[in-house]
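Worksheet: the structure to be examined is printed underneath.
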Amino acid sequence: MLEQDNCKVVSFINMKGGVGKTTLTKEIGFRLANTLKKKVLLIDIDPQINLTQSIFKIFGYAQSEDLAEKASIEENSTKDDDIKVTEASIQNVLQGNISNSNPTSIKKAILDIPNTNLSIIPGEFGLEFTTRNLNSGQLENGIYNFIEDNNIRENYDYILIDCPPTYSSYTIAALKPSDYYIVPVKPEAYSMLGVDMLEKVVEEIKKTNKPYFKDRNLKNLGIIITDVREKEKERTGILNLIEDIENSKILKEKGIRLFDNHFLHNAALQSDMAYLIDNSKATKYSKPNLESLTNEFIKYTEKG
Numbered sequence: 185m186l187e188q189d190n191c192k193v194v195s196f197i198n199m200k201g202g203v204g205k206t207t208l209t210k211e212i213g214f215r216l217a218n219t220l221k222k223k224v225l226l227i228d229i230d231p232q233i234n235l236t237q238s239i240f241k242i243f244g245y246a247q248s249e250d251l252a253e254k255a256s257i258e259e260n261s262t263k264d265d266d267i268k269v270t271e272a273s274i275q276n277v278l279q280g281n282i283s284n285s286n287p288t289s290i291k292k293a294i295l296d297i298p299n300t301n302l303s304i305i306p307g308e309f310g311l312e313f314t315t316r317n318l319n320s321g322q323l324e325n326g327i328y329n330f331i332e333d334n335n336i337r338e339n340y341d342y343i344l345i346d347c348p349p350t351y352s353s354y355t356i357a358a359l360k361p362s363d364y365y366i367v368p369v370k371p372e373a374y375s376m377l378g379v380d381m382l383e384k385v386v387e388e389i390k391k392t393n394k395p396y397f398k399d400r401n402l403k404n405l406g407i408i409i410t411d412v413r414e415k416e417k418e419r420t421g422i423l424n425l426i427e428d429i430e431n432s433k434i435l436k437e438k439g440i441r442l443f444d445n446h447f448l449h450n451a452a453l454q455s456d457m458a459y460l461i462d463n464s465k466a467t468k469y470s471k472p473n474l475e476s477l478t479n480e481f482i483k484y485t486e487k488g
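According to the working numbering, the stretch in the sequence shown is residues 185 to 488, in order.
In structure tokens:
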């Protein structure tokens with residue numbers, strides 16, 4: 185069992201979609217678990233459930249027999265047991281169905297991937313529909329209560345949460361248990377407006393939920409510039425946009441860290457849902473890039 189205080193809960197968040205938020209959560213999480221042998225729990229609270237779909241595709245899971253059959257057909261599978269069905273779901277967590285550290289009950293929340301250090305609380309299709317009858321308190325406190333009531337931090341080195349790209353009760357639910365949050369940003373015009381909006385959202389959440397943050401200060405771990413093409417480093421336009429981000433007013437006023445390492449573009453990440461950099465042969469750019477980025481992530485979580 186791990187020391188609870190050593191576990192870091194980190195949300196990956198931006199008010200803008202398409203910035204590589206889910207990809208970063210998955211790639212950093214898998215490298216931590218696979219190569220660095222850290223115990224990692226991924227939580228997918230984004231109703232788009234892209235993180236869940238990717239992890240399920242990689243490790244052969246589905247959330248129902250119908251989806252398992254569909255996945256088997258898509259994979260041209262001939263064995264009934266090639267796609268495994270799991271009852272684990274974020275829905276069970278948000279509805280408060282998991283309590284008292286009951287291992288059987290916790291299986292309705294957490295899927296442990298066999299022979300890995302990786303676990304996931306999967307998202308679920310139609311989450312917004314299935315949780316529509318929950319009051320805001322149930323929804324916004326669900327993940328926090330689940331982690332605290334079941335001493336989940338004791339079992340992991342890192343808990344990484346993939347957040348939705350819009351402000352909602354799911355955003356609050358992700359940030360309430362978080363020690364830190366990371367903001368992925370593409371080098372685009374006006375990209376920092378979303379960061380400014382996010383900072384205001386976080387301040388409001390902390391202000392209106394003071395008891396949850398009295399013993400820890402939810403902190404912006406930093407901004408990671410994403411989808412930087414290696415060849416574009418030589419292009420003036422991209423360099424100018426990155427320089428604009430580095431010199432932006434909000435970074436200086438808020439004292440927000442900018443990660444030294446950018447997350448490089450890799451076409452396979454967009455074309456293959458089952459692709460993982462840490463398992464790939466991308467040794468020229470992507471693997472060394474992910475290694476450096478993950479090491480920087482670890483350094484900042486350790487020193488705060």
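Heads up, the beta-carbon is just placed ideally off N, CA and C, and yes, glycines get one too. In this text the structure is predicted, and so the values were computed from the model without any measurement.
Take residue i and list the residues in its own chain whose beta-carbon comes closer than 8 Å to its own, dropping the five residues that flank it on each side.
i	result
residue 235	206, 209, 210, 226, 228, 304, 307 and 346
residue 422	371, 412, 413 and 416
Using C-beta distances below 7 Å, list every residue in its chain close to residue i, excluding the 5 sequence neighbours before and after it, in chain order.
i	result
residue 448	412, 414, 469, 470 and 473
residue 290	282 and 334
residue 430	442
residue 453	207 and 459
Does the separation of the CB atoms of residue i and residue j fall below 7 Å?
i	j	result
residue 510	residue 272	Residue 510 is absent from the model: the chain starts at 185 and stops at 488.
residue 204	residue 368	yes
residue 371	residue 426	yes
residue 195	residue 365	yes
residue 485	residue 192	yes
residue 402	residue 390	yes
residue 315	residue 278	yes
residue 445	residue 480	yes
residue 375	residue 353	no
Please classify residue i as buried or exposed, where buried requires at least 16 neighbouring CB atoms within 10 angstroms.
i	result
residue 465	exposed
residue 215	buried
residue 332	exposed
residue 275	buried
residue 478	buried
residue 317	exposed
residue 377	exposed
residue 341	buried
residue 263	Summary for residue 263: the model assigns pLDDT 43, below 50, so the residue's position carries little reliability, and this model does not support an answer.
residue 432	buried
residue 450	buried
residue 410	buried
residue 230	buried
residue 483	exposed
With respect to 6 Å, is the separation between the Cβ of residue i and the closest non-hydrogen atom of the ligand HEM below this value?
i	result
residue 229	Inclusion of the ligand HEM in the displayed structure is not the case, the ligand content being empty and no account of it being possible.
To the nearest whole angstrom, what separates the beta carbons of residue i and residue j, a pair I think is in contact under 8 Å?
i	j	result
residue 293	residue 324	Actually they do not touch by this definition, with Cβ atoms about 17 Å apart.
residue 458	residue 241	5 Å
residue 351	residue 386	With 8 Å as the limit, residue 351 and residue 386 do not qualify as a contact, their Cβ atoms being about 10 Å apart.
residue 280	residue 310	With 8 Å as the limit, residue 280 and residue 310 do not qualify as a contact, their Cβ atoms being about 19 Å apart.
residue 217	residue 300	6 Å
In chain order, what residues of the same chain have a beta carbon less than 6 Å from the beta carbon of residue i, not counting five sequence neighbours either side?
i	result
residue 297	243
residue 343	193 and 225
Inter-stretch contact at 8 Å, needing at least 3 Cβ pairs: the stretch 419-436 / the stretch 396-403: In this structure the stretch 419-436 does not touch the stretch 396-403; the number of beta carbon pairs closer than 8 Å is below three.
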